[in-house]
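Heads up: the protein sequence lines correspond to chains A and B, in order. Under our numbering, the first residue of the first sequence carries the number 708, and numbering increases by one thereafter. Under our numbering, the first residue of the second sequence carries the number 118, and numbering increases by one thereafter. Where is the CB? At the ideal position from N, CA and C, for every residue including glycine. Structure record follows, encoded as structure tokens.
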Amino acid sequence: MTLSEFLIPSKSYASLRGPEDTIVLSSRARLARNLCSASFPSYAKKAERLHVFKQIRDAVLKLKGMDSCFVEGMGNLSSDEKTALVERHLISREHAARGVGSGLVINKDENISVMINEEDHLRMQAILPGFQIRQAWERIDQVDTELEKDIEYAFHPKYGYLTACPTNVGTGIRVSAMIHLPALALTDQIRQIIGAVNKLGLAVRGIYGEGTDALGNLFQASNQKTLGETEDAIVTRLEKVIRQVVINEANARQTLLEEDGQVTLLNHVGRAWGTLSNCYMIETQETLNLLSFIRLGVDLGMFPNSDREIVNELFLVTQKGHLQMMKGTMEDRKRDQVRAEILREKTALLGAPRKVEIVSKGGKK
Amino acid sequence: MLCQICKKAEATVHLTQVVGGKIRKLDLCAACAEKCGVDDPAGFSMLEILKKFSHAISSDKEEPQPKKKQTEELVCPECGYTSQDLSKTGKLGCPFCYKTFVENLENALKHMHRGTQHIGKTPKYHPLPESGVKPAADEPPVKKTRKRAAAKTASSKKKAGAPDVYENPELLEELYESKKALLKQTIEEENYEYAAKIRDEIKELEKKIKAKKVKKDENQDLLDALKTLFDGVEGEDK
């Protein structure tokens, strides 16, 4: 089965919903583990990596829930396929750069993915839509406990689970949430929020682009430290902080709705809609930024034929990997045209945005 | 001022140059300057002059080459990774490297993380002999085992004088809770001698926790600050 045959079609993937997903798009928990008997992937020779790959792959395939999974070596995936996997957050950019000797296993629901021979022998993650950080941790914890039966992990009584990089040692956990903060961006509060979150021990970065100039107002908040704390404490901290950021974003959205005439909102959402429904060539960067406002508009009920799924789908299919996996590899200029075509067609379905009736403070969902 | 090299004649040639990131000045008399080739049209190296005459230039504060730590290059016996590899990449070669390079790592880990003692999940099915988690025929439920192992490891670490756990108030609380659970279990098992030991440890912890509670919870302060960021309006969950 090829990757495009395996992957959940973009349209269906786009309709997966989760709690509070108007702000927290997805939650992820990743564990780093290594075999006790082999060198770490960056240092190991190819033969050793292949041996480790087979051993881990066989153990992972035995797990329950792995029937009809996708398993492949990175050497057998095309560049577009790898990019599409990064776009779905199933593998890291680093893993996409790997070749023979590294591989992956993804379950059919696409909420568990296991990277083999990335920076560590095993990097397994659970990813769920919406605000489900704890659930993602519990899921991957289960997978880890089951895998333990077949694989002898490298574990040290003082330093915990041993990893290639000391920044991951101990629990080996990285929990993160992807958050969409367009209102905080419009009300110029992003810098403060990021500063405060950093002080609380979490790392925040733009998912696309660098630092605070995040493309599409999308950020990923994650823990930075992995040793000296229980997984539960780490998860709890992230939950608390994300919950507060959600409140701040929701309040910012409310402020925009209460503005006289909702001018700021209408201006940004309207222009985004205007451009996307009338462009003939457009790059990813601009697309992500404009789609962010469309998404905000949809979330606030500004589009009469409101359909969250359309935005989610557009977000996916206009990205390079997905676009080319569907329509074939093409030159930049051609791709920018095809992207524009897809956008024009779909945003027309939304209809022009308009002012929202607000019932009372905090009443509008 | 006198020439820095011969210390006899008056210095008339004053050289200033940035050498090795520092500003170096040399005051020479005409004769010594000529000897050093200062007026050589092909140029001269102030650094060389400094080196050559360092014994004479008493005021020269040229820093001695920082003595490289006398530790020999460590090599991991399992995989061949060297300490140089480690300092270049910041990463390790294999799990055994954590034993080989423990000294280099201990300090780095202290700064990178909240503590250098792991207190989270431990592998249930393949505990290594050193981990202190002995596989038992009828193991109690995983959670209890972990707490027990953590408490045991922590109490033996206490004896060894490991300070890390006791500086962090959150860890203290966790340790306190796990000791209480352990005490309950031990009493149920009628192991009263061991229970007495744990009871004493719990008393010690209570004292430490009281002392720490005086310090306000920093995190809570920052969380409150985050809450009031939005003009002090009380946020309501959607």
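By the 9 Å beta-carbon criterion, what residues does the region 124-152 of chain B contribute toward chain A? Along the region 124-152 of chain B, there is no position whose C-beta sits under 9 Å from a C-beta of chain A.
For A/S744 versus A/A871, is the C-beta distance shorter than 9 Å? As a working mapping, residue 744 of chain A is identified with position 37 in the first sequence. As a working mapping, residue 871 of chain A is identified with position 164 in the first sequence. Contact annotation: A/S744 and A/A871 have beta-carbon atoms that are not nearer than 9 Å.
Per DSSP, cross-strand counterpart(s) of A/I880: For the purposes of this step, residue 880 of chain A is identified with residue 173 of the first sequence, where counting begins at 1. Partner(s): A/L738.
Taking only the alpha-carbon atoms, compute the straight-line gap between A/S711 and A/D1039 and give it to the nearest angstrom. If you number the first sequence from 1, residue 711 of chain A lands on position 4. If you number the first sequence from 1, residue 1039 of chain A lands on position 332. Distance between the alpha carbons of A/S711 and A/D1039 is about 22 Å.
Simplified DSSP assignment, three categories, for A/A751: As a first step, residue 751 of chain A must be located in the first sequence, where it is residue number 44. Under the three-state reduction of DSSP output, A/A751 falls in the coil class, being neither helix nor strand.
For B/Y293 and chain A, any beta-carbon pair shorter than 9 Å? Position 176 of the second sequence holds residue 293 of chain B. The beta carbon of B/Y293 does not come within 9 Å of any beta carbon belonging to chain A, so the residue lies off that interface.
Counted within 10 angstroms of its Cβ, other Cβ atoms place A/N649 as buried (16 or more) or exposed: Here chain A covers residues 708 to 1072 and nothing more, so residue 649 of chain A does not appear.
Compute the Euclidean distance between the alpha carbons of A/R950 and A/L1023, then round it to the nearest angstrom. As a position in the first sequence, residue 950 of chain A is number 243, starting the count at 1. As a position in the first sequence, residue 1023 of chain A is number 316, starting the count at 1. One alpha carbon belongs to A/R950, the other to A/L1023, and they sit about 26 Å apart.
Contact the region 879-887 of chain A vs the region 935-948 of chain A: 3+ CB pairs below 8 Å: A contact exists between the region 879-887 of chain A and the region 935-948 of chain A.
Considering only the beta carbon of each residue, do B/H235 and A/L934 sit closer than 9 Å? Counting from one through the second sequence, the residue named residue 235 of chain B turns up at place 118. Counting from one through the first sequence, the residue named residue 934 of chain A turns up at place 227. Closer than 9 Å, so yes.
Beta-carbon of A/P895 versus every beta-carbon of chain B: anything under 9 Å? The sequence position of residue 895 of chain A within the first sequence is 188, counting from 1. The sequence shown places Asp at residue 895 of chain A, not Pro. Not an interface residue.
Could you round the C-beta distance between A/E788 and A/M1032 to whole angstroms and report it? I think they count as a contact, below 8 Å. Within the first sequence, residue 788 of chain A is the residue found at index 81, counting from 1. Within the first sequence, residue 1032 of chain A is the residue found at index 325, counting from 1. So it is a contact: roughly 6 Å between Cβ atoms.
With a CB to CB cut of under 8 Å and the five nearest residues on each side skipped, what residues in its chain are close to A/N905? In the first sequence, counting from the first residue as 1, residue 905 of chain A sits at position 198. Close CB contacts of A/N905 within its chain, under the 8 Å cut and outside five residues either way in sequence, are with V911 (chain order).
Reference A/L797; option with closest CA among A/V821, A/T982, A/G782 and A/S775: Walking along the first sequence from the start, residue 797 of chain A turns up at place 90. The candidate whose alpha carbon is nearest that of A/L797 is A/V821.
Does the Cβ of B/S176 have 16 or more other Cβ atoms within 10 Å, making it buried, or fewer, making it exposed? In the second sequence, the residue the question calls residue 176 of chain B occupies position 59. Note that B/S176 scores 46 on pLDDT, short of 50, meaning its location in the model is unreliable; the coordinates nonetheless yield the value given after this. By the 10 Å Cβ count, B/S176 comes out exposed.
Run of the beta strand (DSSP E) containing B/L360, from where it starts to where it stops: This structure cannot settle anything about residue 360 of chain B, because the visible part of chain B is limited to 118 through 355.
State the DSSP-derived secondary structure class of A/R1040, mapped to helix, strand or coil. Taking the first sequence and counting its residues from 1, one reaches residue 1040 of chain A at position 333. Three-state result, A/R1040: helix.
Find the residues of chain A that neighbour B/I236, judging by a C-beta separation of less than 8 Å, and give them in chain order. On the second sequence, position 119 is the one that residue 236 of chain B refers to. Chain order gives the chain A residues near B/I236 as G935, E936 and T937, where near means a beta carbon separation below 8 Å.
Under a three-way DSSP split, which group does B/T129 fall into? Working through the second sequence from its first residue, we reach residue 129 of chain B at position 12. Collapsing the DSSP output to three states places B/T129 in coil.
Ends of the alpha helix (DSSP H) at A/N905? Sequence index remark: in the first sequence, residue 905 of chain A carries index 198 (1-based). For A/N905, the enclosing alpha helix (DSSP H) covers residues I897 to K906.
Run through DSSP, which three-state label would A/T1054 get? Here residue 1054 of chain A is taken as the residue at index 347 of the first sequence, counted from 1. Correct three-state label for A/T1054: helix.
Just confirm the distance between the C-beta atoms of A/E817 and A/R795, as a whole number of angstroms; I'd bet it's less than 8 Å. Translated into the one-based positions of the first sequence, residue 817 of chain A becomes position 110. Translated into the one-based positions of the first sequence, residue 795 of chain A becomes position 88. Right, the Cβ-Cβ distance comes to about 7 Å (below 8 Å), so this counts as a contact.
I believe A/Q839 touches A/R737 by the beta-carbon criterion, under 8 Å. Please report the beta-carbon distance rounded to the nearest angstrom. Residue numbering aside, residue 839 of chain A sits at position 132 when the first sequence is read from its first letter. Residue numbering aside, residue 737 of chain A sits at position 30 when the first sequence is read from its first letter. About 14 Å separates the beta carbons of A/Q839 and A/R737, which is beyond the 8 Å limit, so they are not a contact pair.
At what residues does the alpha helix (DSSP H) containing A/S820 begin and finish? Reading the first sequence from its first residue, position 113 is the one you call residue 820 of chain A. Where A/S820 is concerned, there is no enclosing alpha helix (DSSP H), although the beta strand (DSSP E) around it starts and stops at I819 to I823.
Taking the alpha-carbon of A/G810 as reference, which of A/A843, A/E845 and A/K761 has the nearest alpha-carbon? What you label residue 810 of chain A is simply residue 103 of the first sequence in a count that begins at 1. Each of A/A843, A/E845 and A/K761 was checked against the Cα of A/G810, and the nearest Cα belongs to A/K761.
So, A/L925 versus A/I900, is the Cβ gap smaller than 9 Å? Position 218 of the first sequence, counted from the first residue, corresponds to residue 925 of chain A. Position 193 of the first sequence, counted from the first residue, corresponds to residue 900 of chain A. Result no, Cβ atoms of A/L925 and A/I900 do not sit closer than 9 Å.
Per-residue DSSP class, three states only, for A/E779: Here the question's residue 779 of chain A lines up with position 72 in the first sequence. Correct three-state label for A/E779: strand.
I'd like to know whether the C-beta of B/K296 is nearer than 9 Å to at least one C-beta of chain A. Translated into the one-based positions of the second sequence, residue 296 of chain B becomes position 179. No, B/K296 does not count as interfacial toward chain A.
Determine which residues share a DSSP beta bridge with A/T937 and list them. If you number the first sequence from 1, residue 937 of chain A lands on position 230. In the DSSP assignment, A/T937 is bridged to no other residue.
A/L972 and A/G1004 - do their beta-carbons sit closer together than 9 Å? The residue labelled residue 1004 of chain A in the question sits at position 297 within the first sequence. The residue labelled residue 972 of chain A in the question sits at position 265 within the first sequence. Their beta carbons are under 9 Å apart, which means A/G1004 touches A/L972 by this criterion.
Between the CA atoms of A/Q927 and A/A903 - distance to the nearest angstrom: What you label residue 903 of chain A is simply residue 196 of the first sequence in a count that begins at 1. What you label residue 927 of chain A is simply residue 220 of the first sequence in a count that begins at 1. For A/A903 and A/Q927, the distance between alpha carbons rounds to 14 Å.
If we define contact as Cβ-Cβ less than 9 Å, is A/G877 a contact residue for chain B? Mapped onto the first sequence, residue 877 of chain A falls at position 170. For A/G877, the answer is yes, since a Cβ of chain B falls inside 9 Å of its Cβ.
Enclosing alpha helix (DSSP H) for A/P726 [first to last residue]: Mapped onto the first sequence, residue 726 of chain A falls at position 19. A/P726 -> no alpha helix (DSSP H), and no H or E assigned at all.
Nearest by alpha-carbon distance to A/E1020: which of A/Y868, A/M773 and A/L1050 is it? Taking the first sequence and counting its residues from 1, one reaches residue 1020 of chain A at position 313. Taking each of A/Y868, A/M773 and A/L1050 in turn and checking the Cα distance to A/E1020, the smallest one comes out for A/L1050.
Beta-carbon neighbours of A/A979, restricted to chain B and to distances below 8 Å: As a first step, residue 979 of chain A is located in the first sequence; it is residue number 272 there, counting from the start. Neighbours of A/A979 on chain B: none; closest Cβ ~23 Å, over 8 Å.
Report all residues from its chain with a CB closer than 6 Å to the CB of B/A150; omit the five preceding and five following residues, and keep chain order. As a first step, residue 150 of chain B must be located in the second sequence, where it is residue number 33. Counting only Cβ-Cβ distances below 6 Å, and skipping sequence neighbours, we find V130.
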